[in-house]
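Novice: In full-length UniProt numbering, the protein residues as written are 1 to 251. C-beta: ideal position from N, C-alpha, C; glycine also.
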Amino acid sequence: MSDTGKDDTTETPNPFMPSPDDLQHWASVMGRAQQMMFEYALGQANEGNSAAASLFDPASWLQNPTTQLWAEQSSKMWEQGVAFWTSLATVQPSFTPDADAPKDKRFADPDWTTNPAFALIRQTYGLLAEQLLTTTRTMQGLDEHARAKMEFAAKNMTDALSPSNLALTNPEVIKRAVETRGESLLKGLKHMLSDLSRGQLSHVDPDAFEVGVNIAMTPGKVIHETDLYQLIHYAPTTKQVFTVPLVIFPP
1 MSDTGKDDTT ETPNPFMPSP DDLQHWASVM GRAQQMMFEY ALGQANEGNS
51 AAASLFDPAS WLQNPTTQLW AEQSSKMWEQ GVAFWTSLAT VQPSFTPDAD
101 APKDKRFADP DWTTNPAFAL IRQTYGLLAE QLLTTTRTMQ GLDEHARAKM
151 EFAAKNMTDA LSPSNLALTN PEVIKRAVET RGESLLKGLK HMLSDLSRGQ
201 LSHVDPDAFE VGVNIAMTPG KVIHETDLYQ LIHYAPTTKQ VFTVPLVIFP
251 P
């Protein structure tokens with residue numbers, strides 16, 4: 001009741017409801033992202049790379065029966081995910097961070113332990129990853145070479161599937177996206193499409209180095225090659241060298 005004796009029908013604003021300006025801005029962000037992907041696909045098609053171009057062609061995806069099945073399963077997963085996050089948002093669970101959890105720099109952000117949702121994601125991933133690796137290590141009927149190869153593949157797969165690598169399950173990415181109003185996501189998408197165009201992942205600014213200024217060159221030759229790597233022997237520039245050579249593994 002108000003002071004005038006009449007019912008106060010003023011609605012309390014919902015702090016979780018985005019404003020019209022926010023909706024318009026995020027729609028603009030989505031439009032810019034779609035434009036980036038369209039320009040990438042068009043460039044790949046003009047270069048004759050139809051496989052890469054089709055990655056961003058919705059029509060070619062929808063015509064594939066496998067894609068249709070994938071879409072159905074993804075839709076179910078999305079519904080389950082929304083229900084999961086909604087249930088977490090509507091309750092206040094009692095949660096105590098696990099102080100004995102092993103340290104992992106991928107999960108250094110405090111939200112991975114203090115936020116119940118992200119803590120559950122991290123712990124679930126850790127259990128599944130450890131179970132897969134344990135199964136690989138204890139599998140019967142494998143020689144040591146085959147076991148090492150399988151464990152190597154399993155470790156790389158579990159690392160790739162880490163929730164820290166996914167925007168929707170990484171609290172740092174989510175907070176940064178909110179702070180920048182989506183600009184951080186657009187910047188990441190731009191870098192990804194640039195790497196795809198070159199066919200090589202970039203770890204540094206390619207324009208930051210200049211031969212003879214802050215990077216040197218020396219003659220070298222390939223002395224061993226497999227399907228996985230090339231071993232390059234660089235010629236020494238000094239009269240004396242170490243007996244054991246230095247092996248460099250680039251990222």
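Which value, in whole angstroms, describes the spacing of the CA atoms of Lys175 and Ser197?
Specialist: In the sequence shown, counting from the first residue as 1, residue 175 sits at position 175. In the sequence shown, counting from the first residue as 1, residue 197 sits at position 197. Approximately 29 Å, taken between the alpha carbons.
Novice: Leu186 and Arg32 look like a contact to me (Cβ under 8 Å); what is the Cβ gap, rounded to whole Å?
Specialist: Within the sequence shown, numbered from 1, the residue matching residue 186 stands at position 186. Within the sequence shown, numbered from 1, the residue matching residue 32 stands at position 32. Right, their Cβ atoms sit about 6 Å apart.
Novice: Taking Tyr125 as part of the alpha helix (DSSP H), name the residues at either end of that continuous run.
Specialist: If you number the sequence shown from 1, residue 125 lands on position 125. That run of the alpha helix (DSSP H) goes 116–138.
Novice: State buried or exposed for Ser164, treating a residue as buried only when at least 16 other CB atoms are found within 10 Å of its CB.
Specialist: Working through the sequence shown from its first residue, we reach residue 164 at position 164. So Ser164 ends up on the buried side.
Novice: Which residue from Leu133, Lys105, Gln34 puts its Cα closest to that of Arg122?
Specialist: Numbered from its first residue, the sequence shown carries residue 122 at position 122. Per the Cα distances, Lys105.
Novice: Near Pro93, which residues of its chain fall below 7 Å by C-beta distance, leaving aside the five closest residues on each side in sequence?
Specialist: For the purposes of this step, residue 93 is taken as residue 93 along the sequence shown, with counting starting at 1. Since pLDDT at Pro93 reaches only 49, below the 50 mark, its modelled position is unreliable, and no value is offered.
Novice: Kindly indicate which three-state DSSP category Leu228 falls into: helix, strand or coil?
Specialist: Counted from its first residue, the sequence shown places residue 228 at position 228. Of the three classes helix, strand and coil, the one that applies to Leu228 here is coil, per DSSP.
Novice: If you measure between the beta carbons of Gly212 and Ala235, is that distance less than 8 Å?
Specialist: Locating residue 212 in the sequence shown gives position 212, where the first residue counts as 1. Locating residue 235 in the sequence shown gives position 235, where the first residue counts as 1. No, the Cβ-Cβ distance between Gly212 and Ala235 is not below 8 Å.
Novice: Could you say if the stretch 124–136 and the stretch 150–162 meet the contact criterion of at least three C-beta pairs nearer than 8 Å?
Specialist: Taking 8 Å as the limit for Cβ pairs, the verdict is that the stretch 150–162 does touch the stretch 124–136.
Novice: With a threshold of 6 Å on Cβ separation, who are the neighbours of Val29 within its own chain once the five nearest residues in sequence on each side are excluded?
Specialist: Along the sequence shown, one-based indexing puts residue 29 at 29. For Val29, where only same-chain residues beyond five positions count, the Cβ hits under 6 Å are Gly182.
Novice: Cβ of Asp195 within 8 Å of Cβ of Leu189?
Specialist: Numbered from its first residue, the sequence shown carries residue 195 at position 195. Numbered from its first residue, the sequence shown carries residue 189 at position 189. No. Outside cutoff.
Novice: I need the straight-line Cα distance from Pro206 to Ile215, nearest angstrom please.
Specialist: Residue mapping note: residue 206 aligns to position 206 of the sequence shown, counting from 1. Residue mapping note: residue 215 aligns to position 215 of the sequence shown, counting from 1. Spanning the two alpha carbons is a distance of roughly 12 Å.
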